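Participant:
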Amino acid sequence: MKPTKLSVVVFQEGDWLCAQCLELDFATQAKTLPDLLYDLQKMIVGHIAISRENGLKPFAKVGRAPKKYWDMFRRSKITLPPQKFAFKIGRRGIKLPRPEIRVAAQAA
């Protein structure tokens, strides 16, 4: 399963910023927005690399995020500019779309 769309909701929990990808149930936390987006990208690309290294199809067993994060994304009115992936993965036969990132007021 190669995602054709990537949606990400960003929210704050305490002193941490959190990012939850919706189509792929990947999440991370960081203290700054640039670190948060970098870590999310690193996690997705790392998943691809490890899957390939082990002869598995990337994303084959990764589900979707829980409904509460989809709801947070839908309610959000703040969209961040499109983000490029910091890591190159195109030469490996997988192209990921630029994620649509929205900022939610707080976790539900």
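Numbering (our numbering), first residue to last: 122 to 229. Where is the CB? At the ideal position from N, CA and C, for every residue including glycine. It should be emphasised that the depicted structure is a prediction, and the values quoted were computed from it without experimental measurement.
1. Enumerate in chain order the residues of its own chain whose CB-to-CB distance from residue 229 is below 6 Å, with the five nearest sequence positions on each side excluded.
2. Per DSSP, what are the beta-bridge partners of residue 137 in this structure?
3. Cutting at 6 Å between CB atoms, please list the residues of its own chain near residue 157, excluding the five before and the five after it.
4. Taking the alpha-carbon of residue 184 as reference, which of 226, 143, 133, 134 has the nearest alpha-carbon?
5. Under the three-state reduction of DSSP, which class applies to residue 229: helix, strand or coil?
6. Find the nearest neighbour of residue 136 within the set 224, 216, 153, judged by alpha-carbon distance.
7. Within this structure, are the beta carbons of residue 187 and residue 127 separated by less than 8 Å?
Facilitator: In short, the structure shows the following:
1. With a pLDDT of 48 at residue 229, under the threshold of 50, the modelled position of that residue is not reliable, and the figure given next carries that caveat. Excluding sequence neighbours, residue 229 sits near 189, 193.
2. Under DSSP, the beta-bridge partners assigned to residue 137 are 134.
3. Listed in chain order, the non-local C-beta contacts of residue 157 below 6 Å within the same chain comprise 138, 140, 151, local neighbours out to five positions each way being set aside.
4. Comparing Cα positions, the closest option is 143.
5. Reliability fails at residue 229, whose pLDDT of 48 lies under 50, so the model's placement of it is uncertain and the value that follows must be treated cautiously. In this structure, DSSP gives residue 229 a state outside helix and strand, which the three-state scheme calls coil.
6. The shortest C-alpha to C-alpha distance from residue 136 to any of 224, 216, 153 is the one to 153.
7. Not in contact: residue 187 and residue 127 (Cβ atoms no closer than 8 Å).
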